[in-house]
Amino acid sequence: MPFVVGFEQHRADEANDAVLVGEDADDIGTAFHFLVQPFERIGAVELGAVLHRKRLSGLRRVRNASNMPIASGDDDDRLCLPATSPVPSIALNDGPAMATIGFGTYRLNGSAGVEGIAAVFEPGYRLLDSAFNYENEGALGAAIRTASVPREELRVTSKLPGRHQHFEDAITTIEESLYRAQLDYYDLYLIHWPNPSQGLYVETWRALIEARKRGLVRSIGVCNFLPAHLEKIMSETGVAPVVNQVELHPYFPQAEQRAFDKAYGIVTQSWSPLGRANQLLREPAIKTIADRLGRTIGQVILRWHVQLGAVPLPKATSKERQIENLLLFDFELSSDDMSSIATLARPDGRTFDQDPAHYEEL
92 MPFVVGFEQH RADEANDAVL VGEDADDIGT AFHFLVQPFE RIGAVELGAV LHRKRLSGLR
152 RVRNASNMPI ASGDDDDRLC LPATSPVPSI ALNDGPAMAT IGFGTYRLNG SAGVEGIAAV
212 FEPGYRLLDS AFNYENEGAL GAAIRTASVP REELRVTSKL PGRHQHFEDA ITTIEESLYR
272 AQLDYYDLYL IHWPNPSQGL YVETWRALIE ARKRGLVRSI GVCNFLPAHL EKIMSETGVA
332 PVVNQVELHP YFPQAEQRAF DKAYGIVTQS WSPLGRANQL LREPAIKTIA DRLGRTIGQV
392 ILRWHVQLGA VPLPKATSKE RQIENLLLFD FELSSDDMSS IATLARPDGR TFDQDPAHYE
452 EL
């Protein structure tokens, strides 16, 4: 579903209360500081925003917006700009669809976590990523219960930790996770790491298949599985994961892994899609593209993921970034842009020493 963005001039500009009207949704760019407040619902997710005092390319100034669609009804300096494109969906190999961008909830815990997660529904997030080891399944469930979004519109993910990979332990852990979240089911449940030295991931995969049969989860997948791990679980069970969530960013594009996933109808999700350090956000090659397109570096990187066919799962605590990260579907990167970003790949661009061939997380 599209969302509509309304803008008003920042109150620091009291002397000049004109509003800025975009000629086109593409004119909006990213030069805004978003302070979001709810508007009336008119069939879309609507947002209010406050502009810094800037002269923005492609915007025209008008004194009265009464001839524009008014979001609030009684406030002439608020208006609705053209709706952005809705977040597209991608079909999973077992039938359901999910959004092509999600929201990561790592370190969103307690009451602050509830508030932080609950805030992302209004901008338009519908795919939520959590895990047993994030220790926030309760906060996630509480946020969902506060949402005005119907449960069936959400795709809620959690993950099984390595210490509970035995069959019966896995089933019990999924049940306990649902009790904590006060949910009837997870839309997507993943094995967090293969932990190959334990030699249990095939048994764990059988447990997830059983959990799906019991209705505890709707779809099942994995995280951080290399092609050898995937081949083993598929050959021994005949069931392919719907998702493989892996570390993926311009320093570590995982071309071979993505190609393998695609060949078996597995959607690749990207954790740490912007990298875990500021270095990637300072790359001149990406900044050049962002400046030319009038986008942020973060948007360019996330768009790169989308054009690779991956589903990024960025985390953002500020409303500005949450909205910014969704505004990816009204522009494209050229083949030259994609090639330029490809030059940033490193032989092993992992941000930490977490090679699934030997890394273990309990």
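Sequential numbering from 92 applies to the sequence shown in this note's numbering. Note that CB positions come from ideal geometry on N, CA and C, so glycine has one too.
Check: Supposed contact pair R217 and L245 - C-beta distance, whole angstroms, cut 8 Å; Outcome: 6 Å
Check: P438 (DSSP reduced to helix, strand or coil); Outcome: coil
Check: Assigned secondary structure, A298 (DSSP; H/G/I helix, E/B strand, else coil); Outcome: helix
Check: Cβ distance (whole Å) where F194 is taken to contact L219 below 8 Å; Outcome: 6 Å
Check: Contact check, F223 vs H255, beta carbons under 9 Å; Outcome: yes
Check: With 16 other Cβ atoms within 10 Å as the buried cut-off, status of P179; Outcome: exposed
Check: Neighbourhood of G356 by C-beta, 7 Å cutoff - its chain only, sequence neighbours within 5 removed; Outcome: N184, A331
Check: Three-state secondary structure assigned by DSSP to P403; Outcome: strand
Check: Cβ distance (whole Å) where L339 is taken to contact S361 below 8 Å; Outcome: 4 Å
Check: Three-way DSSP call (helix, strand, coil) for S326 in this model; Outcome: helix
Check: Cβ-based burial, Q370 [other Cβ within 10 Å; buried from 16]; Outcome: exposed
Check: Start-to-end residues for the beta strand (DSSP E) that takes in V247; Outcome: 246-251
Check: Collapsed DSSP secondary structure at F130 in the structure displayed; Outcome: Below a pLDDT of 50, predicted positions are generally treated as unreliable, and F130, at 27, falls in that range; the measurement from the model is reported next regardless. Looking at F130 - three-state DSSP - the assignment turns out to be coil, as it is neither helix nor strand.
Check: Unbroken stretches of the alpha helix (DSSP H), 4 residues or longer, contained in the region 213-277; Outcome: 228-237, 258-272
Check: Unbroken beta strand (DSSP E) run spanning T359, endpoints; Outcome: 358-362
Check: Residues near R394 in its chain [Cβ-Cβ closer than 6 Å; skip 5 each side]; Outcome: L419, L424
Check: Identity of the residues DSSP links to H340 by a beta bridge; Outcome: F343
Check: Of the residues Y292, S431, V308, A401, the one placed nearest E452, counting alpha carbons only; Outcome: Y292
Check: Three-state class that DSSP yields for I181 in the structure shown; Outcome: strand
Check: L417 (DSSP reduced to helix, strand or coil); Outcome: helix
Check: Beta-bridge pairing of V313 - partner residues as DSSP gives them; Outcome: I282, N335
Check: Distance between R305 and F422 (C-alpha atoms, nearest Å); Outcome: 42 Å
Check: C-beta atoms of L251 and Y270 nearer than 9 Å; Outcome: no
Check: Supposed contact pair E228 and S221 - C-beta distance, whole angstroms, cut 8 Å; Outcome: 6 Å
Check: First through last residue of the alpha helix (DSSP H) which encompasses A190; Outcome: No alpha helix (DSSP H) holds A190; the beta strand (DSSP E) holding it covers 188-190.
Check: Expected contact under 8 Å - CB spacing of V402 and I235 to nearest Å; Outcome: That pair is no contact at about 20 Å.
Check: C-beta contact flag for P344 and A433 at 9 Å; Outcome: yes
Check: Cβ-Cβ separation, N335 to F316 (assumed contact under 8 Å), whole Å; Outcome: 5 Å
Check: Supposed close pair T359, R373 - CB separation, criterion 8 Å; Outcome: That pair is no contact at about 26 Å.
Check: Three-state secondary structure (DSSP) of L453; Outcome: coil
Check: Proximity of P341 and I262 at Cβ, strictly below 9 Å; Outcome: no
Check: Close beta carbons around H320, own chain, < 6 Å, minus the five adjacent residues each side; Outcome: P285
Check: Exposed unless 16 or more other CB atoms sit within 10 angstroms - verdict on D444; Outcome: exposed
Check: Backbone secondary structure at G195 - three-state DSSP; Outcome: strand
Check: Reduced DSSP category for V397 - H, G, I as helix; E, B as strand; rest coil; Outcome: helix
Check: As assigned by DSSP and simplified to three states, the class of V308; Outcome: strand
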